[in-house]
Amino acid sequence: MRIYFTLLFAVSNCQLGDGGNVHGNDADWPEIREVRATWDVSFARDGFRDSLTVQDRYGNPVYEFECFSGGDADQLRWSNENGVMLIADLSCVLFEAGDEVRGDSLLSQVDDTRDYQSRGFFWVHQLTGQCASHEAYGANRSISVRGIEVHLSVGAIGPDRMATLEVEFTNQGENRSPFAAPPEYPGYPQYCRGTEE
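Heads up: take any position in the sequence shown, counting from 1, add 18, and you land on the working numbering.
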């Protein structure tokens, strides 16, 4: 598996409230060191699992980002261990670093924190056909949370059931609430639902 990381160090003169603690009101969210990663993802039964740590501008870990795909048994085992439901063909979640008890993924929408509604979850039928180009539920998604913009881009799935996942975290997010902002495009189109509700 090829993994590429590029750290982009953010430059800012703003001061962090509460020493950069991620626990608090919206003024406390720390500015991050912007990070990019490219992963080779398997949609076959053997699956895929990888993660990255998002740091504040001082190098302290503030968020953990993880993605999973493949066998239902592996995802179910991780779900039971962490208290988070992973049900998609590719499931990406974001948590505060160091949380011993994890709740909803921070990528869940602010108006509905059920994880199966999270736009960090991708189904294969959303990555092909009409839905693939949908800005909220297609192959390329931007999710705003805690002043961060999370960009997720899944490439075409090849005959070997492999695809490329590109991940980017920047400080460009306009939403500063604890959970992700709803997409600009309202509703969840039927052609993106497939057989999943």
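Idealized CB from N, CA, C, for every residue including glycine.
All values derive from a computational prediction rather than experimental measurement.
Gln148 places its beta carbon 9 Å or farther from that of Arg137. For the pair Phe197 and Val168, the CB atoms are not nearer than the 9 Å cut-off. For Cys210, no beta strand (DSSP E) encloses it; the enclosing alpha helix (DSSP H) starts and ends at Gln208 to Arg211. For the beta strand (DSSP E) assignment, the uninterrupted runs of no fewer than 3 residues enclosed by the stretch 56-83 are, from N- to C-terminal side, 66-73.
For His169, the three-state secondary structure derived from DSSP is strand.
Apart from sequence neighbours up to five positions away, the residues of its chain that approach Asp107 with a beta-carbon distance below 8 Å are Phe61, Ser87, Phe140, Trp141 and Val142, ordered along the chain.
Counting along the chain, the unbroken beta strand (DSSP E) around Ile161 starts and ends at Asn158 to Val163. Separation of Phe187 and Val53 (C-alpha to C-alpha, rounded to the nearest whole angstrom) is 5 Å. For the set Cys110, Cys210 and Arg67, the Cα lying nearest the Cα of Leu170 is the one of Cys110. Taking C-beta atoms under 8 Å as the contact rule, Arg211 and Trp47 fail to qualify, at a distance of about 32 Å. The distance from the Cβ of Ala154 to that of Tyr209 is about 12 Å, inconsistent with a contact at the 8 Å cut-off.
The beta carbon of Pro201 sits closer than 6 Å to the beta carbons of Ala154 from its chain, once the five residues preceding and following it are set aside; these are given in chain order. Within its own chain, the residues whose Cβ lies closer than 8 Å to the Cβ of Ile175, once the five positions on either side in sequence are excluded, are Phe61, Val142, Leu145, Thr146 and Ala181, listed in chain order. In the DSSP assignment, Val111 is bridged to Glu84. The C-beta of Ser69 has fewer than 16 other C-beta atoms within 10 Å across all chains shown, which makes the residue exposed. DSSP places Thr188 in the uninterrupted beta strand (DSSP E) bounded by Met180 to Thr188. If you draw a 10 Å sphere on the C-beta of Arg63, you find fewer than 16 other C-beta atoms in it, and that means exposed. Ala150 carries a helical assignment under DSSP once its states are collapsed to helix, strand and coil.
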